[in-house]
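Numbering (the working numbering), first residue to last: 385 to 549.
The beta-carbon is built from N, C-alpha and C at its ideal position, and this holds for glycine as well.
Accompanying notes for the structure given below.
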Ligand SMILES: [Cu+2]
C-alpha cells in the first residue's frame with residue numbers, strides 16, 4: 385500500500401526481509417509502477433485513464449498484467465509449447481481489437497503477425513506472464529497468419545491465424 389520513501393533507513397529494529405527471491409536469474413527485479421486504481425472515487429471526474437497500450441493507433445505491448453486488468457472484451461490467447469490456444473480467431477475489418485497474450489508454460493513466447501502491416505502488433509511474454517496490445521484489424525478481409533517468433537517455436541506448431549471478415 386504505502387511504501388516509505390527509500391533512502392532513509394532509520395530503524396535498527398527493522399530488517400529487510402525480502403532479501404532473496406526463490407529464483408535467481410529471474411528477469412525484471414524492479415517493481416513496475418502500479419497505477420493507483422483505488423482511492424477516493426472522484427465523482428464525475430474523467431476516471432478513464434487510457435494507458436499507452438490501449439491506444440490502437442500506435443500498437444505497443446503493455447507491461448505485465450494481472451488477470452483483473454485485462455478488459456473483458458479482449459481476445460485471449462495462451463501460448464505454450466503445444467501451440468496457440470485458440471489458434472484461430474475472427475474479427476471484423478477495421479475493428480478495434482484488444483489482444484491479450486499469455487505464456488502458459490515456463491517459456492518465453494513472442495506473438496507476431498506475418499503481415500508487414502501488422503508488424504507493430506508484437507507481444508513478448510515471459511514464463512507465465514500476460515501482456516496485452518490494442519490495434520485495428522486490417523481493412524482487407526482475409527487470413528492473417530501469426531506465429532511465435534522465438535527460434536524453433538513456430539516449427540513445433542506455435543502458429544495460427546486471424547480471420548478478418
Ligand atoms: Cu513460443
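Beyond the five residues adjoining it in sequence on each side, residue 534 comes within less than 7 Å, by CB distance, of 492, 493, 494 in the same chain, given in chain order. These are the residues, in chain order, with a beta carbon less than 5 Å from any non-hydrogen atom of ligand 1: 493, 532, 534, 537, 542. Residue 448 and residue 474 have their C-alpha atoms roughly 25 Å apart. Selection 532, 537, 454 evaluated against residue 506 yields 532 as nearest (Cα-Cα). The region 465 to 483 makes no contact with the region 496 to 503; the number of CB pairs closer than 8 Å stays below 3. Residue burial is scored here from C-beta neighbours: residue 434 has fewer than 16 other C-beta atoms within 10 angstroms and is therefore classed as exposed. Going by DSSP, residue 509 is part of the beta strand (DSSP E) stretching over 506 to 509.
Beyond the five residues adjoining it in sequence on each side, residue 524 comes within less than 8 Å, by CB distance, of 477, 548 in the same chain, given in chain order. Taken through DSSP and simplified to helix, strand or coil, residue 483 comes out as strand. Leaving aside the five residues that flank residue 537 on each side, the residues in its chain whose CB is nearer than 7 Å to its CB run, in chain order, 493.
Pairing residue 479 with residue 521 gives a Cβ-Cβ distance under 9 Å. The beta carbon of residue 486 sits closer than 6 Å to those of 462, 514, all from its chain and outside the five residues before and after it, given in chain order. For residue 490 and residue 464, the gap between their C-alpha atoms comes out near 8 Å.
Beyond the five residues adjoining it in sequence on each side, residue 544 comes within less than 6 Å, by CB distance, of 468, 471, 472, 530 in the same chain, given in chain order.
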